[in-house]
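K.L.:
Supplied in structure tokens, the structure appears directly below.
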Amino acid sequence: MDRHKDEVVSVLLRARKLIEDPARWCRRATSGEAACLGIYIGRASAQSYFTAECFSAALALVVNAIDRDPTHGALANMLTIGLWNDAPDRTHAEVLAALDRAIELRLQEVT
740 MDRHKDEVVS VLLRARKLIE DPARWCRRAT SGEAACLGIY IGRASAQSYF TAECFSAALA
800 LVVNAIDRDP THGALANMLT IGLWNDAPDR THAEVLAALD RAIELRLQEV T
């Protein structure tokens, strides 16, 4: 399967591209030009034709990738991602790894 043919994978890839520069990532929601992981997933989803569905699926995949329970819905998943992203010891590399793992999980679902 071409990775770009699945819209949820495309959302996750767009979010990763937005956050791959360490200067563009921060804890909390936003700080100047930087934002947290959840904000970037939202921004990437807004570019999708299926915005709500892709946003919800992308959030669930990231929550699953960080070994949390993604079955509580989009709002709870956004909170889970926010708390995980904002942990004092969280690193930019861990955030990128979570996105990469979420992409892997989605590719396993659709292939």
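So this note's numbering is basically just the index in the sequence shown, starting at one, shifted up by 739.
Just so you know, even glycine gets a beta-carbon here, dropped at the ideal spot from N, CA and C.
Which same chain residues, not among the five before or five after SER795, have their C-beta less than 7 Å away from its C-beta?
P.N.:
Your numbering for residue 795 matches position 56 in the sequence shown. Contacts found: ALA813.
K.L.:
Around the Cβ of ALA841, are there at least 16 other Cβ atoms within 10 angstroms (buried) or fewer (exposed)?
P.N.:
Counting from one through the sequence shown, the residue named residue 841 turns up at place 102. When all chains shown are included, ALA841 counts as buried.
K.L.:
Look at the alpha carbon of TRP764 and the alpha carbon of ALA832, and state the distance between them as a whole number of angstroms.
P.N.:
For the purposes of this step, residue 764 is identified with residue 25 of the sequence shown, where counting begins at 1. For the purposes of this step, residue 832 is identified with residue 93 of the sequence shown, where counting begins at 1. Approximately 10 Å between the Cα atoms of the pair.
K.L.:
What is the C-beta distance between TYR779 and ILE758, in whole angstroms, given that I count them as a contact (C-beta under 8 Å)?
P.N.:
Here residue 779 refers to the residue found at position 40 when the sequence shown is read from its first residue. Here residue 758 refers to the residue found at position 19 when the sequence shown is read from its first residue. Yes, TYR779 and ILE758 are in contact; Cβ-Cβ is about 5 Å, under 8 Å.
K.L.:
To the nearest angstrom, report how far apart GLY821 and ALA773 are at their CA atoms.
P.N.:
Locating residue 821 in the sequence shown gives position 82, counting from the first residue. Locating residue 773 in the sequence shown gives position 34, counting from the first residue. Near 14 Å, if we compare the C-alpha coordinates of ALA773 and GLY821.
K.L.:
What three-state label does DSSP hand SER770 in the structure shown?
P.N.:
One-based indexing of the sequence shown puts residue 770 at position 31. Note: SER770 maps to strand in three-state DSSP.
K.L.:
To the nearest whole angstrom, what separates the beta carbons of PHE789 and GLU746, a pair I think is in contact under 8 Å?
P.N.:
For the purposes of this step, residue 789 is identified with residue 50 of the sequence shown, where counting begins at 1. For the purposes of this step, residue 746 is identified with residue 7 of the sequence shown, where counting begins at 1. Correct: roughly 6 Å between the Cβ atoms.
K.L.:
What does a CB cutoff of less than 7 Å around GLY777 pick up in its chain, not counting 5 residues either side in sequence?
P.N.:
Translated into positions along the sequence shown, residue 777 becomes position 38. Hits under 7 Å: MET817, ILE820, GLY821 and ASN824.
K.L.:
Can you say whether ARG767 is buried or exposed, counting buried as having 16 or more other CB atoms within 10 angstroms of its CB?
P.N.:
For the purposes of this step, residue 767 is taken as the residue at position 28 of the sequence shown. So ARG767 counts as exposed.
K.L.:
In whole angstroms, what is the alpha-carbon distance linking ALA815 and VAL801?
P.N.:
Numbered from its first residue, the sequence shown carries residue 815 at position 76. Numbered from its first residue, the sequence shown carries residue 801 at position 62. C-alpha separation (whole angstroms): 12 Å.
K.L.:
Starting from TRP764, follow its DSSP beta bridges and name the residues at the other end.
P.N.:
Numbered from 1 along the sequence shown, position 25 holds the residue referred to as residue 764. Per DSSP, ALA774.
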